[in-house]
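Residue numbers (our numbering), protein chains in the order written: chain A, 1227 to 1351; chain B, 1227 to 1351; chain C, 1227 to 1351; chain D, 1227 to 1351.
All C-beta atoms in this analysis are idealised placements derived from N, C-alpha and C, irrespective of residue type, glycine included.
In what follows, a single structure is set out as structure tokens and then discussed.
There are 4 protein chains.
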Amino acid sequence: MKAIGKLDWAFSAGKIPLQSIGEEPKFTSNDKLAILNTSEEKAIIELFIFYENRKPMGPYSVTIKPLRLKKIRFNDLIDPEAIMLEQNYSCYIKTNVKVVIQFSRMNTGNNKVSEMSSMAFPVES
Amino acid sequence: MKAIGKLDWAFSAGKIPLQSIGEEPKFTSNDKLAILNTSEEKAIIELFIFYENRKPMGPYSVTIKPLRLKKIRFNDLIDPEAIMLEQNYSCYIKTNVKVVIQFSRMNTGNNKVSEMSSMAFPVES
Amino acid sequence: MKAIGKLDWAFSAGKIPLQSIGEEPKFTSNDKLAILNTSEEKAIIELFIFYENRKPMGPYSVTIKPLRLKKIRFNDLIDPEAIMLEQNYSCYIKTNVKVVIQFSRMNTGNNKVSEMSSMAFPVES
Amino acid sequence: MKAIGKLDWAFSAGKIPLQSIGEEPKFTSNDKLAILNTSEEKAIIELFIFYENRKPMGPYSVTIKPLRLKKIRFNDLIDPEAIMLEQNYSCYIKTNVKVVIQFSRMNTGNNKVSEMSSMAFPVES
């Protein structure tokens, strides 16, 4: 199958929620990417994290097998350093093959639940 | 009326929720597409489902009458095989005439409700 | 100020919720468009509504003053006929000057609240 | 790092919620932009606010340091005048360097919570 999507993506309104309530893992707070690699090649991905009051950090490296989807939880990105909890961040994502990226958050602190999701922004490259 | 939209679409953050609460069918958990065919022709649609740890499955075939909207619940896609519940999946959609596609989820498990919706990503073809 | 946006827009996942709970009008169920006209001209807008099992209806006519925003509640579109409640619908929107359109829903039936919003799809014209 | 994104953005469905409930600041009602500046230059940003029944107001001026993210709460925009609470508004945003903009709202009035977020619309310039 052919590669579909874009080589460069970004989103700006990231924030890893600190608190969770409810049944795990269905209602665990999270901030994550869903990346689809429809190509026959391994996708080699670099993420760069931007903050309000610190210099950018990265690249964080992720690979995705051919013809597979991968979910990336920002909590799990720890090399070169963990992403700050409860801090606003933005993310720029570069790949070697075209991919499709969606950004989602579920926030279940304070006995409420909210969820949002949008396609990341396909930067022209 | 002329055909509007794109021939190729994708989204990456699919997941069919398992549990529901509340009054049916208003608050039934679901994962679905809304596809608009403004053309005078029947739209012949092929969906391909991608997973994290299994090879892709498809095509799933759907048709839409001229000048009509169709809602597709992923739970209802059973040929060539049912889509896994509570598994992350992505979807690539191809059509013969231009269509407009929006992806939505309502999740009502655990006595909470969350809903999200976004346009699918219009892949250039 | 110059006109910004597009002349043709569409979204596919419309549905006017029937029930509401809570304080009016903050938490009234609704399905609506927010249309921004940054131009110095009156925007003359035509909406076409598509259904699953009926032929399309329209045009519904709306105008927007120069340099103004207008919110359009689908419940209020009654000429040439009211839009069906609790029926899935899609919408195609044409204008004479470029506008920017966002689609939103708040659903407050069944003692729950969910809200979603996304930019409509900018059809190339 | 290179500048990514667009020079002109807009969204149409703004509304600053009046009421909040719950733990501060996690569940404070808000309407905000997250703007990412990946360039090596300071981003100089002008926002123009459009209303339903008043003439547009602006420019509101904001700057973003090189390689940083900035969150802008619409409640905080007070020069040339505060933005009306509980009034529908739209926003057009111009910058000198490419940026990426996401628009989000959290609404926690009436003992409910809803959250939505979408990329702003990238106006071609």
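Report buried or exposed for residue i, applying the criterion of at least 16 other Cβ atoms within 10 angstroms of its Cβ.
{"i": "residue 1332 of chain B", "result": "buried"}
{"i": "residue 1308 of chain A", "result": "exposed"}
{"i": "residue 1304 of chain B", "result": "exposed"}
{"i": "residue 1341 of chain D", "result": "buried"}
{"i": "residue 1281 of chain B", "result": "exposed"}
{"i": "residue 1243 of chain A", "result": "buried"}
{"i": "residue 1279 of chain A", "result": "exposed"}
{"i": "residue 1241 of chain B", "result": "buried"}
{"i": "residue 1287 of chain A", "result": "exposed"}
{"i": "residue 1291 of chain D", "result": "exposed"}
Using a Cβ-Cβ cut-off of 8 Å (strictly less than) and excluding sequence neighbours within five positions of residue i, which residues of its own chain qualify?
{"i": "residue 1343 of chain A", "result": "1328, 1329, 1330, 1331"}
{"i": "residue 1289 of chain D", "result": "1268, 1269, 1270, 1271"}
{"i": "residue 1236 of chain B", "result": "1316, 1317, 1318, 1319, 1346, 1347, 1349"}
Identify the continuous beta strand (DSSP E) that holds residue i and give its terminal residues.
{"i": "residue 1308 of chain D", "result": "Run containing residue 1308 of chain D: none; DSSP gives neither H nor E here."}
{"i": "residue 1287 of chain C", "result": "1283-1290"}
{"i": "residue 1280 of chain C", "result": "Careful: residue 1280 of chain C lies outside any beta strand (DSSP E) and carries neither H nor E."}
{"i": "residue 1232 of chain B", "result": "1232-1241"}
{"i": "residue 1332 of chain A", "result": "1314-1333"}
{"i": "residue 1301 of chain A", "result": "Element bounds for residue 1301 of chain A: n/a, residue is neither H nor E."}
{"i": "residue 1268 of chain B", "result": "Counting along the chain, residue 1268 of chain B falls outside any beta strand (DSSP E), and DSSP gives it neither H nor E."}
{"i": "residue 1349 of chain A", "result": "1347-1349"}
In its own chain, which residues sit with a C-beta less than 6 Å from the C-beta of residue i, not counting the 5 before and 5 after it?
{"i": "residue 1297 of chain B", "result": "1258, 1260"}
{"i": "residue 1320 of chain D", "result": "1234, 1272"}
{"i": "residue 1276 of chain A", "result": "1282, 1316"}
{"i": "residue 1300 of chain B", "result": "1242, 1257, 1309"}
{"i": "residue 1238 of chain C", "result": "1316"}
{"i": "residue 1227 of chain A", "result": "1264"}
{"i": "residue 1322 of chain B", "result": "1270"}
{"i": "residue 1311 of chain C", "result": "1242, 1244"}
{"i": "residue 1314 of chain B", "result": "1241, 1278"}
{"i": "residue 1266 of chain C", "result": "1292"}
Using a Cβ-Cβ cutoff of less than 7 Å, which residues in the same chain neighbour residue i once the five nearest sequence positions on both sides are dropped?
{"i": "residue 1294 of chain C", "result": "1263"}
{"i": "residue 1326 of chain B", "result": "1230, 1231, 1262"}
{"i": "residue 1285 of chain C", "result": "1272, 1273, 1274"}
Residue i CB to nearest chain F CB: under 8 Å?
{"i": "residue 1349 of chain D", "result": "You won't find chain F in this structure, because its protein chains are A, B, C and D."}
Below 7 Å, is the gap between the Cβ of residue i and the nearest heavy atom of the ligand SAM?
{"i": "residue 1261 of chain C", "result": "This structure simply doesn't include the ligand SAM, nor any ligand for that matter."}
What are the residues of the region 1279-1313 of chain D that lie near chain C, defined by any Cβ-Cβ distance shorter than 9 Å? 1279, 1280, 1281, 1282, 1312
Give, in chain order, every residue of the region 1258-1282 of chain D whose Cβ lies closer than 8 Å to some Cβ of chain C. 1274, 1276, 1277, 1278, 1279, 1281, 1282
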